[in-house]
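A.B. asks: Have a look at this one.
2 protein chains.
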Amino acid sequence: MSLPLFFVEILPDGDEYLLTGAEGHHAATVQRLRPGERLLLGDGRGGLAEATVTATGRGVLTLAVGVRRTVPAPVPRLVVAQAIAKGDRGELAVQAMTEVGVDAIVPWEASRSVARWRDDRGAQRWRSTAREAAKQARRSWVPPVGALESTAELARRTPLFVLHEEATARLSTVEIAGDELTLVVGPEGGITPEELGVFTAAGGVAVRLGAEVLRTSTAGVAALAVLSVRLGRW
Amino acid sequence: MSLPLFFVEILPDGDEYLLTGAEGHHAATVQRLRPGERLLLGDGRGGLAEATVTATGRGVLTLAVGVRRTVPAPVPRLVVAQAIAKGDRGELAVQAMTEVGVDAIVPWEASRSVARWRDDRGAQRWRSTAREAAKQARRSWVPPVGALESTAELARRTPLFVLHEEATARLSTVEIAGDELTLVVGPEGGITPEELGVFTAAGGVAVRLGAEVLRTSTAGVAALAVLSVRLGRW
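Going line by line, the protein sequences match chains H and E. Take 1 as the starting number for the first sequence in this note's numbering and just add one per residue. Take 1001 as the starting number for the second sequence in this note's numbering and just add one per residue.
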């Protein structure tokens, strides 16, 4: 089994470290790690340090810190612009996309997004979901969740691929180049013809996966799996 | 937009058809289809008939039935043996796997499956989830959900691929042949060494996707996306 991962703000630079707070509670009380067991500390930005438990307390672990290393950021960077969805579908999408390796997430307020975000709490929820999912998936990079973008803002991103069930180009064969790409995933009701027009007028390319109509919480994960194979990550 | 799909037990053989029951309610009252609008009737086993609404009633549509056709079953057949999961994770897995094109689902009672099924209700829930998801995804084939299988029963299936984070073989490059393959997805706590031993002793091959640790509700979907590209479906 790969070692359990716990996130800290800044990696320790000394040989001993006290893991406290929510992560200390999780490690000591929920996962019940014991002296001698090993874990990873991560800063969520590629920095990792191996550590061994030397003592346990109530919600706190004392750790002997060992080898440090830095995992480089993946290239190209896979960004998904995920439409705000109703209920928990947005969080489910963020969770699963983080597991399969999305590099950054941009919330998009689409015309047919039933839910609306009136303040920053929606983005905060997605951030906390991404962090938890990265921890569970043992990812050294936590994908940042950006600020809400409009259709016009998204259209400025290049290259831009728009998942659309009526597209003729396939994501499995479309040409990919550059250090970053953005993939647009529409809301439950779909992307409107007007939105598609704005994206394609700016150079965006409509692409599809198979013949099936995918839910917004499934489409991004499936697309990232396809890209991960194409880019040799998987 | 592709036409909305409604499932019926047996496709009509005449020119006129009354869509009643739950599907009639959904079409007439929820989706509010109107005279002149078109839809598809499906039997969930590849049979499809185009139809046009000619009259509407309370929870019922009168349809003029047009062209019938049969979509052949996909080959090879992609079967996923999905470990029973806690909470709604099993249903989420069945829903998303059906969207991306799984051809059959087998529930598996793994050692680390926290939930247990004492009667047929669990499988019934998965069947109804698969049917709803197939309708939403406009799939002409509803993936059957088989009876619960034990580890020994699963191990008899061939070829058998077991998703495992410590595998060295990659699903993206492993050799695939034959008319059917079964992919095993473990429970939240993972597949035990004993279970993996039973599978590999019987000829099963452990495979992985990337380096990430995937939730049980994400793993099958990601694996099916990889296979869909490899098999030219996507």
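Cβ atoms here follow ideal geometry from the backbone N, Cα and C, with glycine treated the same way. Note that the coordinates shown come from a computational prediction; the quantities given were computed from them, not determined experimentally.
1) Short check: CB of alanine 167 of chain H to CB of arginine 112 of chain H, under 9 Å?
2) Rounded to whole angstroms, what's the CA-CA distance from arginine 1032 of chain E to arginine 139 of chain H? Just pull it up for me.
3) Using the rule of at least 16 other Cβ atoms within 10 Å of the residue's Cβ for burial, across every protein chain shown, is valine 1067 of chain E buried or exposed?
4) Please report how far the alpha carbon of phenylalanine 161 of chain H lies from the alpha carbon of tryptophan 117 of chain H, in whole angstroms.
5) Could you say if the region 153-160 of chain H and the region 116-132 of chain H meet the contact criterion of at least three C-beta pairs nearer than 8 Å?
6) Which full runs of the beta strand (DSSP E) of 3+ residues lie inside the region 1085-1167 of chain E, going along the chain?
7) Check whether the Cβ of glutamine 1095 of chain E lies closer than 9 Å to any Cβ atom in chain H.
8) Given this structure, state the Cα-to-Cα distance separating proline 1076 of chain E from proline 12 of chain H, to the nearest angstrom.
9) Can you find the residues in the same chain that come closer than 6 Å, C-beta to C-beta, to leucine 48 of chain H, ignoring five residues on each side of it along the sequence?
10) Expressed to the nearest angstrom, what Euclidean distance is found between the alpha-carbon atoms of leucine 171 of chain H and valine 1114 of chain E?
11) Leaving aside the five residues before and after valine 226 of chain H along the sequence, list all residues of the same chain whose C-beta is less than 6 Å from its C-beta, in chain order.
12) My output table needs one value for leucine 1196 of chain E: the three-state DSSP class, helix, strand or coil.
13) Rounded to whole angstroms, what is the Cα-Cα separation between threonine 1218 of chain E and proline 35 of chain H?
14) Identify, in the order they occur along the chain, each residue of the same chain with its Cβ nearer than 7 Å to the Cβ of leucine 1019 of chain E, setting aside the five sequence neighbours on each side.
15) On the DSSP bridge list, what partners appear for glutamine 82 of chain H?
16) With 9 Å set as the bound, which would you pick, yes or no: does the beta-carbon of alanine 223 of chain H sit closer than that to a beta-carbon of chain E?
17) Using 8 Å as the Cβ pair cut-off and three pairs as the minimum, do the region 1172-1192 of chain E and the region 178-190 of chain H touch?
18) Under a CB-based cut-off of 9 Å, is glutamate 1050 of chain E close to chain H?
19) Any residues in the region 11-31 of chain H with a beta carbon nearer than 8 Å to a beta carbon of chain E? Which ones, in chain order?
20) Where does arginine 1058 of chain E sit, in a helix, a strand or coil, going by DSSP?
21) Listed from N- to C-terminal order along the chain, which residues in the region 193-213 of chain H have their beta-carbon within a distance smaller than 9 Å of any beta-carbon of chain E?
22) Can the beta-carbon of alanine 1244 of chain E be found less than 9 Å from the beta-carbon of valine 102 of chain H?
23) At a Cβ threshold of 9 Å, is threonine 218 of chain H touching chain E?
24) DSSP three-state label for valine 65 of chain H, please.
25) By alpha-carbon positions, which one of E/Glu1165, E/Gly1204, E/His1164 ends up nearest to threonine 1182 of chain E?
26) Quick one, are the C-beta atoms of alanine 83 of chain H and alanine 133 of chain H less than 9 Å apart?
27) Tell me whether the beta-carbon of alanine 1147 of chain E lies closer than 9 Å to the beta-carbon of proline 1193 of chain E.
28) Between histidine 1164 of chain E and alanine 1206 of chain E, what straight-line distance do the alpha-carbon atoms span, to the nearest angstrom?
29) So is arginine 1058 of chain E buried or exposed if we call it buried at 16+ other beta carbons inside 10 Å?
30) Give the straight-line distance between the Cα atoms of glutamate 109 of chain H and glutamine 124 of chain H, rounded to the nearest whole angstrom.
31) How about glutamine 1082 of chain E: is its C-beta nearer than 9 Å to some C-beta of chain H?
32) What is the rounded straight-line gap between the Cα of alanine 201 of chain H and the Cα of lysine 86 of chain H?
33) Exposed or buried, which one is threonine 54 of chain H when buried takes at least 16 other CB atoms within 10 Å?
34) Within 10 angstroms of its Cβ, does glycine 1232 of chain E collect 16 or more other Cβ (buried), or is it exposed?
35) Can you look up alanine 73 of chain H in the DSSP assignment and give me helix, strand or coil?
36) Secondary structure at alanine 1230 of chain E, three-state DSSP: helix, strand or coil?
C.D. replies: In brief:
1) Residue 167 of chain H sits at position 167 when you count from the first residue of the first sequence. Residue 112 of chain H sits at position 112 when you count from the first residue of the first sequence. Contact flag unset, no.
2) Counting from 1 along the second sequence, the entry for residue 1032 of chain E is found at position 32. Counting from 1 along the first sequence, the entry for residue 139 of chain H is found at position 139. Approximately 45 Å, taken between the alpha carbons.
3) Taking the second sequence and counting its residues from 1, one reaches residue 1067 of chain E at position 67. It counts as exposed.
4) Start at 1 with the first residue of the first sequence, and residue 161 of chain H comes out as number 161. Start at 1 with the first residue of the first sequence, and residue 117 of chain H comes out as number 117. For phenylalanine 161 of chain H and tryptophan 117 of chain H, the distance between alpha carbons rounds to 24 Å.
5) Not touching, per the Cβ criterion.
6) Counting only runs of at least 3 residues, the region 1085-1167 of chain E fully encloses the following beta strand (DSSP E) elements, listed from N- to C-terminal order: 1104-1108, 1160-1163.
7) As a first step, residue 1095 of chain E must be located in the second sequence, where it is residue number 95. Yes - at least one Cβ of chain H is within 9 Å of the one on glutamine 1095 of chain E.
8) Counted from its first residue, the second sequence places residue 1076 of chain E at position 76. Counted from its first residue, the first sequence places residue 12 of chain H at position 12. CA-to-CA, the gap between proline 1076 of chain E and proline 12 of chain H works out to about 52 Å.
9) Position 48 of the first sequence, counting from 1, holds the residue named residue 48 of chain H. Answer for leucine 48 of chain H: Leu40, Gly42, Arg69, Ser140, listed in chain order.
10) Here the question's residue 171 of chain H lines up with position 171 in the first sequence. Here the question's residue 1114 of chain E lines up with position 114 in the second sequence. Going by the C-alpha atoms only, they are around 37 Å apart.
11) As a working note, residue 226 of chain H is residue 226 in the first sequence. The answer, listed in chain order, is Leu171, Ser172.
12) Locating residue 1196 of chain E in the second sequence gives position 196, where the first residue counts as 1. In the three-state scheme derived from DSSP, where H, G and I count as helix and E and B as strand, leucine 1196 of chain E is classed as helix.
13) The residue labelled residue 1218 of chain E in the question sits at position 218 within the second sequence. The residue labelled residue 35 of chain H in the question sits at position 35 within the first sequence. A direct Cα-to-Cα measurement between threonine 1218 of chain E and proline 35 of chain H gives close to 33 Å.
14) Residue 1019 of chain E sits at position 19 when you count from the first residue of the second sequence. Hits under 7 Å: Phe1006, Ala1027, Val1060, Leu1061, Leu1063.
15) As a working note, residue 82 of chain H is residue 82 in the first sequence. For glutamine 82 of chain H, which the question treats as bridged, DSSP gives the partners H/Pro107, H/Val185.
16) Residue 223 of chain H sits at position 223 when you count from the first residue of the first sequence. It does: the Cβ of alanine 223 of chain H has a partner Cβ on chain E nearer than 9 Å.
17) The region 1172-1192 of chain E is not in contact with the region 178-190 of chain H.
18) Counting from one through the second sequence, the residue named residue 1050 of chain E turns up at place 50. So no, glutamate 1050 of chain E is outside the interface.
19) Listed in sequence order: no entries.
20) Stepping through the second sequence from its first residue, residue 1058 of chain E is reached at position 58. DSSP places arginine 1058 of chain E in coil when its eight states are reduced to three.
21) Residues Arg208, Leu209, Gly210, Ala211, Glu212, Val213.
22) Outside the shown range of chain E, which is 1001 to 1234, sits residue 1244 of chain E, and nothing can be said about it.
23) Within the first sequence, numbered from 1, the residue matching residue 218 of chain H stands at position 218. At least one C-beta of chain E is nearer than 9 Å to the C-beta of threonine 218 of chain H.
24) By 1-based counting over the first sequence, the position of residue 65 of chain H is 65. It is a strand residue.
25) Translated into the one-based positions of the second sequence, residue 1182 of chain E becomes position 182. It is E/Gly1204 whose Cα lies nearest to the Cα of threonine 1182 of chain E.
26) If you number the first sequence from 1, residue 83 of chain H lands on position 83. If you number the first sequence from 1, residue 133 of chain H lands on position 133. Going by C-beta atoms, alanine 83 of chain H is not nearer than 9 Å to alanine 133 of chain H.
27) Mapped onto the second sequence, residue 1147 of chain E falls at position 147. Mapped onto the second sequence, residue 1193 of chain E falls at position 193. Not in contact: alanine 1147 of chain E and proline 1193 of chain E (Cβ atoms no closer than 9 Å).
28) The residue labelled residue 1164 of chain E in the question sits at position 164 within the second sequence. The residue labelled residue 1206 of chain E in the question sits at position 206 within the second sequence. Histidine 1164 of chain E and alanine 1206 of chain E: Cα-Cα distance of roughly 6 Å.
29) For this step, residue 1058 of chain E is matched to residue 58 along the second sequence. Arginine 1058 of chain E comes out exposed.
30) Residue mapping note: residue 109 of chain H aligns to position 109 of the first sequence, counting from 1. Residue mapping note: residue 124 of chain H aligns to position 124 of the first sequence, counting from 1. The alpha-carbon atoms of glutamate 109 of chain H and glutamine 124 of chain H are separated by roughly 15 Å.
31) Locating residue 1082 of chain E in the second sequence gives position 82, where the first residue counts as 1. No, glutamine 1082 of chain E does not count as interfacial toward chain H.
32) Position 201 of the first sequence, counted from the start, is the residue given in the question as residue 201 of chain H. Position 86 of the first sequence, counted from the start, is the residue given in the question as residue 86 of chain H. Roughly 28 Å between the two C-alpha positions.
33) Residue mapping note: residue 54 of chain H aligns to position 54 of the first sequence, counting from 1. It is exposed - the Cβ of threonine 54 of chain H has fewer than 16 other Cβ atoms within 10 Å.
34) For the purposes of this step, residue 1232 of chain E is identified with residue 232 of the second sequence, where counting begins at 1. Looking at its Cβ environment, which holds fewer than 16 other Cβ atoms inside 10 Å, glycine 1232 of chain E is exposed.
35) Position 73 of the first sequence, counted from the start, is the residue given in the question as residue 73 of chain H. Here alanine 73 of chain H sits in coil by DSSP.
36) Walking along the second sequence from the start, residue 1230 of chain E turns up at place 230. Here the sequence assigns arginine to residue 1230 of chain E, which means alanine is not the residue at that position. The three-state secondary structure of arginine 1230 of chain E, taken from DSSP, is helix.
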